[in-house]
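Below is one structure, written out as structure tokens; comments come after it.
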Amino acid sequence: MSELLVRMEQIEKSFPGVQALSGCEFELRRGEVHALVGENGAGKSTMMKILSGVCQRDGGTLLYKGREVNFPNPKAAQEAGISMIHQELSLIPDLTVAQNIFIGREPRLKFPLFTSDAEINREARKLLGELGVDIDPRTVVSRLTVAIQQMVEIAKALSFQSEVLIMDEPTAALTDSEIRELFIVIDNLRRAGKGVIYISHRMDELKRIADRITVMRDGRYIGTLPAAEAEIGQIISMMVGREWNAQERRRQPAASGRGEVPALEVRNLSRGNVLKNISFSLHRGEIVGVAGLMGAGRTELARAVFGADPHDGGEIRVNGRKVAIRSPHEAVRHGIAYLSEDRKRYGCVTDLPVAANIGLPSCRRFSRYSFWVNDRAMEEAAAGMVERLRIKTPGIHQVVKFLSGGNQQKVVIGKWLVRNCDILIFDEPTRGIDVGAKNEIYKLMEELAEQGKAILMISSELPEILRLSHRILVMREGEMTAELDGASADQETIMKYATLSPAFGPAEQEEGKG
Amino acid sequence: MKNRWSSGGALQQLLAFASLVVLVAVFSLLSPNFFQFSNITGILLSTAVIGVLALGVTFVIITGGIDLSIGTVMTLCSVMTGVFITFWGLPIWVGVIGGIVFGGLCGWLCGMMVARLNIPPFIATLAMMMVAKGLALVISGTRPIYFTDVPGFTRISLGSVTGAIIPGFDIPNAVLIFFLMAIIGGILLSRTIVGRYNFAIGSNEEATRLSGVNVRFWKVVIYTITGLFTGVAGVLMASRLNSAQPALGQGYELEAIAAVVIGGTSLSGGKGTIVGTVIGALIMSVLTNGLRILSVPQEWQTVVVGAVIILAVCADMARRRKGAGAHA
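Okay, here's the thing in structure tokens:
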């Protein structure tokens, strides 16, 4: 076996309020591509941040080339030979390829402040040649495709004499032929004796590129498999094996609504590359869960339906009638409400009091001639909501930023209930909320469905989806890959559709698309 | 006039008011000529035009925007009033209303540029400032338009309704109009939907949009309100000088914005009051007047006003840091 480059043992890391990693293991050998997989929030990124010096471990050992090391910052890690290729590329668009590779380390001429482009171009050409990439180092980066920019990032990493390259979802934005080229480059790196850590959501890629696969879940190390022998189903069940009590699953079918005209119907909704022909329907009294991994297009779907982002194809029907929704203002008029995953930025106006936030969408209703605000009516409605939703606040005049996350979320729910919206889109309704408050939000959502509201719920937590949904829609890369029955679905099935293309055949799919 | 949608700001306002009182007290001690009825009405009269401009721009500033065009648009409104009354021979009241509406139109245009074309407010209103400056010169033929043939026009600002009722109590109409506009502004800001949306947009525009508020429409409305106030200032200006001076006006916008800032309205939006703006405008003219009475050279007066603006902003930031500290 080849030399061990990295060995991480018993890694511990906690952030205020969460244990991000406990007892995590990982190792990387020379000439190896080692894939790291897991759901959103499994701890992959935190592991890699510790390795690349972005944050420090609380406990455990990090061995690099056999010696225990401690990287206080990314620069130290980079100098030691560990480079991260970021998901969002960090090149400067207006500089050339060579200038980007050598930024901050330009060779100095005798006269200060001047640098030699000729020299860095020569060096850059050599690096790119080693990678097998044919581009002119004098090209301005903004004119290159994302795929080529990624190659430049890799070349930049190699210019630091890197031995370990961490690639975070390198294929997320690439076409199939570009992925093939990237894989050739990765193969070259493997042959050159580098170690590559490969983070990806795409199961079908792993078997083609990885030598070993390590699975993480909920901040824990689950196991490592040789890629050649691993079954995709086996990997998925390792990823999702989260504790989940089947007793919690909802048994009753939706109280009403089935068979009638759907409250919301979306047909062939498209938006550029982000949403591809999405169709689904949502009935009164029903909770439909939307599952998928990060970047699957779930939030984009919610925002398009709500008019927060434009869509460029397809139609939306509310109660059977076709409607034009070009702005949130129009969506709300048709009774559609959206609870954002990012409460503080998009959910509430945190500097305003509870009453103002609850009343904001309904100002016209609480006014005379749509001009004079009737504070008393608005405050009564707000006080009613505070009581009905059991919002914990010293009073309706309390500024929202002083409330806890769960109570802020209730304020957002309250404002839509006061506005009488019947179609509620919840985007990660329990993100950043403690367990007790989570259960309250679940109960509230169930009550609302029983009262005849139609609820679309986006969530990254499969137990949450399984507990609440009557039906489950699964998305992957802007496409709807499955519609499952809430009563019979399980985590493995959902994860299968969330990670694999509908064809479930990596090779055929590649050819078919190219 | 308690505004339930604007948290904080009370301390800053109190501070501003206290500074005003201290200033008045200090100047009264230093010079016996300061605290005289005629000097006080003089101060108020010199506050009126800048004050009305400042009241108007308070609205836009609370949305987190800015309007740099108010100075020259005010001049353009003066010129248009002159055109309506002396060139076209329209009745005074038509000319006055025409001037005010013209201001609203300019504001509406700025609002459309900002809300529909997404041009940053600084740039859109900077362009408007230059357009209005040029138009005022073109339309007037670069010469002042005098209202000497229209007796009564100057009474709009220099006459005194109170003097007619209570002899001897001659507060110029311009001052009364300033206070009337302040009351209108205060009511708009604290009692109406426009005011509520104004604060909501300034605090978090995206969350307000995602609450189903038609943010684009209301921003246009708010810029139009600022424009209408500017129109009123233009008429006041013309009436006070008994002429429309096409070369005046530039620089007024910055004084008005300074008054707003001294009054505790945050340039980052979401916070501000009309009372604060009134106090801010008064502080500026009390300073200028007091320093003049103490024979401080004019060059030094501007230096002092500049220093006061820095102080006001520092006080505002200190307050906000404290607020942020309490939050964390």
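Just so you know, the protein sequences line up as chains A and B, in that order. Position in the first sequence (from 1) plus 26 gives the number in the working numbering. Position in the second sequence (from 1) plus 511 gives the number in the working numbering. Virtual Cβ for every residue (Gly too), placed ideally from N, Cα, C. Please read all numbers here as calculations on a predicted model, not as lab measurements.
| Item | Value |
| --- | --- |
| Who are the near neighbours of I235(A) in its chain, counting only those whose CB is closer than 7 Å to its CB and skipping five residues on each side? | V59, F209, I212, Y224 |
| Please classify C825(B): is it buried, with 16 or more other beta-carbons within 10 angstroms of its beta-carbon, or exposed? | exposed |
| Measure the beta-carbon distance from A150(A) to A124(A) and round it to whole angstroms, keeping in mind my assumption that it falls under 8 Å. | 4 Å |
| At the level of alpha carbons, what is the spacing between G606(B) and T719(B)? | 39 Å |
| What's the gap between the Cα of K479(A) and the Cα of Y364(A)? | 13 Å |
| To which residues of the same chain is L525(B) closer than 8 Å at the C-beta, ignoring the five residues directly before and after it? | none |
| At what residues does the beta strand (DSSP E) containing H60(A) begin and finish? | 59-63 |
| Over the uninterrupted alpha helix (DSSP H) stretch that includes N294(A), give me the two end residues. | From DSSP, N294(A) is part of no alpha helix (DSSP H) but of the beta strand (DSSP E) over 290-297. |
| Using a Cβ cut-off of 9 Å (strictly closer), state whether F710(B) contacts chain A. | yes |
| Any beta carbon of chain A sitting closer than 9 Å to that of T703(B)? | yes |
| Just how far apart, CA to CA, sit E406(A) and K441(A)? | 13 Å |
| Measure the alpha-carbon distance for I180(A) versus I111(A) and round it to whole angstroms. | 7 Å |
| I need the DSSP call for T592(B), collapsed to helix, strand or coil. | helix |
| What are the boundary residues of the alpha helix (DSSP H) that M264(A) is part of? | 258-266 |
| Just to make sure I have the definition right: I need the residues of chain B whose C-beta is within less than 8 Å of the C-beta of P387(A). Which are they? | S722, G723, V724 |
| In three-state terms, what does DSSP make of S754(B)? | strand |
| Taking Cβ to Cβ, would you say G249(A) is nearer than 9 Å to S305(A)? | no |
| May I ask you to list, following chain order, the residues of the stretch 559-589 of chain B that have a beta carbon less than 8 Å from some beta carbon of chain A? | none |
| How far does the beta strand (DSSP E) with K75(A) in it reach, from first residue to last? | First-last for K75(A): 70-77, but that is the alpha helix (DSSP H), not the beta strand (DSSP E). |
| Return the first residue and the last residue of the beta strand (DSSP E) that A363(A) is part of. | 362-365 |
| Tell me, to the nearest whole angstrom, how far the beta carbon of L290(A) is from that of V344(A); I am working on the premise that it is less than 8 Å. | 6 Å |
| Enumerate, from N- to C-terminal direction, the unbroken beta strand (DSSP E) stretches of 3 or more residues contained entirely within the stretch 76-117 of chain A. | 85-90, 108-111 |
| May I ask which residues mark the beginning and end of the beta strand (DSSP E) holding C50(A)? | 44-55 |
| If contact is defined by three or more beta carbon pairs under 8 Å, each pair taking one atom from either stretch, is the stretch 607-626 of chain B in contact with the stretch 726-742 of chain B? | yes |
| Quick check on DSSP: helix, strand or coil for S722(B)? | coil |
| What is the residue span of the beta strand (DSSP E) that S40(A) lies within? | 30-41 |
| Could you work out which residue in G645(B), L669(B), Q523(B), A527(B) is closest to L556(B) when comparing CA atoms only? | L669(B) |
| K152(A): which of V178(A), A328(A), E476(A) sits nearest, CA to CA? | V178(A) |
| Using a Cβ-Cβ cutoff of 7 Å, what residues of the stretch 761-781 of chain B are near chain A? List them in chain order. | G781 |
| Just tell me which of D120(A), G67(A), G410(A), V95(A) has its CA closest to the CA of R164(A). | D120(A) |
| Looking at the secondary structure, which residues open and close the beta strand (DSSP E) in which V190(A) lies? | 190-194 |
| So, for A475(A): in the same chain, excluding its five sequence neighbours on each side, which residues have a beta-carbon less than 6 Å away from its beta-carbon? | G311, I313, I481 |
| Using a Cβ distance threshold of 8 Å, determine whether the stretch 361-376 of chain A contacts the stretch 434-451 of chain A, with at least three qualifying pairs required. | yes |
| Quick one: list the residues of chain A neighbouring R832(B), beta-carbon separation under 9 Å, in chain order. | In chain order: nothing, as chain A lies at least about 15 Å away. |
| Which same chain residues end up closer than 6 Å to F452(A) when comparing Cβ atoms and leaving out the 5 residues on each side of it in sequence? | L365, M483 |
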